[in-house]
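Asks:
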Amino acid sequence: MKIKEEWNFLALCLLIGIIFGAIFGLILGLIVSNIPIGLLSGIGNGIIFSFICYFQFKRHFKL
Numbered sequence: 400m401k402i403k404e405e406w407n408f409l410a411l412c413l414l415i416g417i418i419f420g421a422i423f424g425l426i427l428g429l430i431v432s433n434i435p436i437g438l439l440s441g442i443g444n445g446i447i448f449s450f451i452c453y454f455q456f457k458r459h460f461k462l
């Protein structure tokens, strides 16, 4: 994979991770009645999850 395509793919993984993390965090924040903490937690988890997905995808498809 070219360098530019790799950065684009990493950015896409991060974007998806942050969006789903924010949704999850919003739901979690509503459950525990603390929306800002839930959003921060969800976004942090989304970023970590997106890096894991990115490296697993690269390893699986040998890119």
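Counted the way this note's numbering counts, the sequence shown spans residues 400 to 462. For every residue, glycine included, the Cβ atom is placed at its ideal position computed from N, Cα and C.
#1: Can you tell me whether Asn444 is helix, strand or coil according to DSSP?
#2: Please list, in chain order, all residues of the same chain as Tyr453 whose beta carbon is under 6 Å from its beta carbon, the five residues on each side excluded.
#3: Between the Cα of Phe419 and those of Ser449, Asn433 and Ile430, spot the shortest distance and give me the residue it belongs to.
#4: Since Leu438 contacts Leu425 with CB under 8 Å, what's their CB separation in whole angstroms?
Replies: Let's see:
#1: helix
#2: Leu409 and Cys412
#3: Ser449
#4: 6 Å
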